[in-house]
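S.K.:
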Amino acid sequence: MKGTKRSKEHNGTAAATVSQLHDAIKKGSVRTVRQLLQEGADVNFKVEGGWTPLHSAVQADQEEIVNLLLEQGADPRARKDNGATPFIIAGIVGNVNLLELFLSKGSEINEKDNNGKVTIWWNCY
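Just so you know, the sequence shown maps onto residues 1 to 125 in the UniProt record's numbering.
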């Protein structure tokens, strides 16, 4: 019984930490992101919709945080529930530096989301 209670507490704490991490990313707080990672925040934890901290950092156009997350082991090929990768999101936000970074990490130039759309399609609309 005691172990079950601790597991629930740990899961609640982990979820709170991940929420704080996503909030810090959206605000562009490199210092807070670094601190949360040092405290053990899971760099690849997925929240609703399959968003990882890396997806959030790319969406927020936070290059420094993207690099920090990658240094800490974030998966550059992680897919959201809709199939979008950080590379696809970088294309949507129009960040060429991040597109080049993800290509250097193994992203495919013609990566598709679950609807069959590639990065260049998103930039045309």
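Here a beta-carbon is modelled for each residue, glycine too, at the ideal position from N, C-alpha and C.
#1: Taking the straight line between their C-alpha atoms, what separation do you get for A60 and L37?
#2: Throw me the rounded Cβ distance for the Q80 and G50 pair, which I believe falls under 8 angstroms.
#3: Below 8 angstroms CB to CB, which residues in the same chain sit around A24 once its five sequence neighbours on both sides are set aside?
#4: Which of the three DSSP states, helix, strand or coil, is assigned to K46?
#5: A41: which of A74, I92, K105, G116 sits nearest, CA to CA?
#6: Can you tell me which of the three DSSP states K26 falls into?
#7: Out of curiosity, what's the CA-to-CA distance linking E100 and T17?
#8: Looking only at its chain, what residues have a beta carbon closer than 6 angstroms to the beta carbon of F45, apart from the 5 residues adjacent to it on each side?
M.R.: This is what the structure holds:
#1: By 1-based counting over the sequence shown, the position of residue 60 is 60. By 1-based counting over the sequence shown, the position of residue 37 is 37. If I take the Cα positions, the gap works out to 18 angstroms.
#2: In the sequence shown, counting from the first residue as 1, residue 80 sits at position 80. In the sequence shown, counting from the first residue as 1, residue 50 sits at position 50. According to the sequence as given, residue 80 is Lys; it is not Gln. Correct: roughly 4 angstroms between the Cβ atoms.
#3: The residue you call residue 24 lines up with position 24 of the sequence shown. These residues qualify, in order along the chain: T32, V33, L36.
#4: For the purposes of this step, residue 46 is taken as the residue at position 46 of the sequence shown. In this structure, K46 counts as coil in the three-state DSSP scheme.
#5: For the purposes of this step, residue 41 is identified with residue 41 of the sequence shown, where counting begins at 1. Among A74, I92, K105, G116, the Cα nearest to that of A41 is on A74.
#6: On the sequence shown, position 26 is the one that residue 26 refers to. Note: K26 maps to helix in three-state DSSP.
#7: Position 100 of the sequence shown, counting from 1, holds the residue named residue 100. Position 17 of the sequence shown, counting from 1, holds the residue named residue 17. So the two alpha carbons sit approximately 30 angstroms from each other.
#8: Counting from 1 along the sequence shown, the entry for residue 45 is found at position 45. Answer for F45: V18, listed in chain order.
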